Structures are given as C-alpha cells and as structure tokens.
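The block underneath contains the structure these notes are about, expressed in structure tokens.
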Amino acid sequence: MGQYAYFALVGQWDTVKNPFTVVRTGGEHDEVFSTRLRWEQTDLLQRTDSMRGYDDVVPISEKEGKRFETIQAKRVEEEERSWKNRSYFAIVSRSDTVDNPYTVVRSGGEYDQFFGVRLTWLRTDLLYRIDSGREYYDAVPISAEDGKRFEAIQAKRVEEELRRQAES
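Going by the numbering used here, the residue at position 49 of the sequence shown is 57; the numbering climbs one at a time, nothing skipped.
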C-alpha cells in the first residue's frame, strides 16, 4: 500500500467512478489532482461552505486515485477543444476591473459555468441572476483568451490564500 489515502469528492452530478475530483492525504498536506494535471495543495477536505463543489467524501483505492489522473487528462483535453465555442464574461462590481474580475462566467455549453476557488469550472446561474436584477454585478463580454488568463489569476489568488492560512 502507498503512503497516501485517496478520496473521491462526489457532488450532485458525479459518481465515484467519475467524481468531481480526487484528494489524497498522507503527505505534508492534502493534495488534489488539478486541471494543470499535477497534484497540488488543497483545503477541499476541510471546507464546510455550501459552494465547495461536492457533497460526499468517499474513500477509494490508490488504483482508483491514479485512474482519476487519466479522467482528469481527458477532461482537460475536452475542455481545450470546446474552449473557443463559448462566450465569456468578466463578472465585475464597482471595486473590480475587467482585468482582475470577481470571477469569469462562460456560457454556450450545456450550462453556464464559473471558474471558482477550487480551480475548476462549476455550474452557475450567475448570468441569469445578474440579468434578472438579483445580483449587483455587471457581466462584461471578454475573449476566450481572457477567460483562460483568469484561470491563472484565480490560481494565484488561491495560492496566496493558502499561504496566508498556513502562516496564521
């Protein structure tokens, strides 16, 4: 048996065989197999907020954990193919800029998605809520390249927050 314990994080639309993501524990810190196709530090197992992206934590074998690496690689490949077929919007408030938005939402697929602090695209109805006056943000059209650039911005934000938490 390896040094790690693996856990499938399963949400409403996921299965253990095709989970939201996989986290492994047993090292210096918990790690998630990210969309950058590498194991990266995460706090997903400690999160309690309702928007964390999953409902259940299911122990899985190391073999299943490794199999998820292949699943994630296929997801990333599919993502790259569909990237240009969507519309992207910078979601900004008075204190945000289009270059550094609150978040980015994309539409044009099966459902709208936003790029969240879990560094993945998650379902959202934010554009609908903005259009119906329920949110006080603006949705500014941006290019697919700017949407892609936001992934790096969000990753840096998450990294800085994890560093702050580790220091306190």
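Ideal placement from N, C-alpha and C gives every residue a C-beta, glycine not left out.
Here the structure is a predicted model, which is why all the values come from computation and not from measurement.
1) Under the three-state reduction of DSSP, which class applies to R157: helix, strand or coil?
2) Output the distance between the C-alpha atoms of I161 and G35, rounded to the nearest integer angstrom.
3) Run through DSSP, which three-state label would R102 get?
4) Among the candidates D154, T132 and T33, whose CA atom is the shortest distance from the CA of Q49?
5) Out of curiosity, what's the CA-to-CA distance linking R83 and R44?
6) Quick check: the stretch 136-154 against the stretch 17-29, are there 3 or more CB pairs under 8 Å?
7) L134 by DSSP, collapsed to three states: which one?
8) By DSSP, does V166 sit in helix, in strand, or in coil?
9) When the Cα of N93 is compared with those of S101, R114, E167 and D38, which residue comes out closest?
10) Can you tell me the Cβ-Cβ gap for V112 and G155, rounded? I've got them flagged as a contact below 8 Å.
11) DSSP on E29, reduced to helix/strand/coil?
12) If you compare alpha carbons, which of G117, N26, G73 and Q54 is closest to R179?
13) For my contact list, F76 and F41 are in at a C-beta cut-off of 8 Å; report their separation, rounded to the angstrom.
14) Any idea if R126 is buried or exposed, counting beta-carbon neighbours within 10 angstroms, 16 or more meaning buried?
15) Hey, out of K25, L135 and V148, whose CA is closest to N108's CA?
Reading it off the structure:
1) helix
2) 27 Å
3) coil
4) In this structure, T33 is the residue among D154, T132 and T33 with its C-alpha nearest to the C-alpha of Q49.
5) 11 Å
6) no
7) If DSSP states are grouped into helix, strand and coil, L134 belongs with the helices.
8) helix
9) R114
10) Between G155 and V112 the Cβ distance is about 5 Å, and since that is below 8 Å, they are a contact.
11) In the sequence on display, residue 29 carries Thr and not Glu. In the structure shown, T29 sits in a strand (DSSP, three-state: E or B).
12) There is no way to answer for residue 179, as the model of the chain reaches only from 9 to 176.
13) 6 Å
14) buried
15) V148
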